[in-house]
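Novice: I have a structure here, written as structure tokens, and I will follow up with some questions on it.
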Amino acid sequence: MCSLVSEEKSVLPVYETPIGKIGGLICWDNRMHSLGTQLYAKGIDIYCTPTAEAREIWQASMAHVALEGSCFVLSANQFCRSKDYLPSPEFVPGGSNGDISYDTIICPGGSVIISPSGAILAGPNYQGNPFSQLI
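Residue numbers (our numbering): 386 to 520.
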């Protein structure tokens with residue numbers, strides 16, 4: 386059996402920065418509770434998580450991470466249209482077999498910043514201004 390944790394230390398890095406300890410997981414790794422608890426145990430202050438999960442339930446999941454880890458959560462959710470994918474006869478973006486136009490939105494975004502108390506500080510950002518303009 387493979388383990389992400391050695392007896393000496395976790396393989397999940399947490400970086401000391403002037404604004405606090407930063408680390409994170411990507412996409413579906415956030416659904417693996419044991420990975421998050423490794424970051425919490427290291428005293429993470431800012432939890433960064435890029436993803437391609439556009440469903441509203443993602444916001445609730447990230448609020449839970451913020452509460453559980455007592456940390457800020459920065460969740461960057463991709464925004465893309467069908468034109469962002471290479472054409473392929475075997476794959477239709479979004480899983481649709483219908484007629485998808487060049488500008489069809491495949492993933493609408495939904496990036497969000499959440500406080501350690503679970504409050505949304507910015508976002509969710511769907512097709513809008515980048516966070517640099519929100520903060």
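Using N, Cα and C, we set each Cβ at its ideal position, and we do this for glycine too.
1. Helix, strand or coil for C456, going by three-state DSSP, please let me know.
2. Excluding five sequence neighbours on each side, which residues of the same chain lie with their C-beta closer than 7 Å to the C-beta of I490?
3. Report the residue from G503, E401 and R440 whose alpha carbon sits nearest the alpha carbon of L459.
4. Does DSSP put T436 in a helix, a strand or coil?
5. Mapping DSSP to helix, strand and coil, what is A448?
6. Thinking C-alpha only, which one of Y425, Y432 and S446 is nearest I404?
Specialist: Taking the geometry as given:
1. Under the three-state reduction of DSSP, C456 is assigned to coil, being neither helix nor strand.
2. Residues of the same chain with a CB within less than 7 Å of the CB of I490, apart from the 5 flanking positions on each side, are R466 in chain order.
3. The shortest C-alpha separation from L459 is found at G503.
4. Reduced to three states, the DSSP call for T436 is strand.
5. The three-state secondary structure of A448, taken from DSSP, is helix.
6. Distance from the Cα of I404 is smallest, within the candidate group Y425, Y432 and S446, for Y432.
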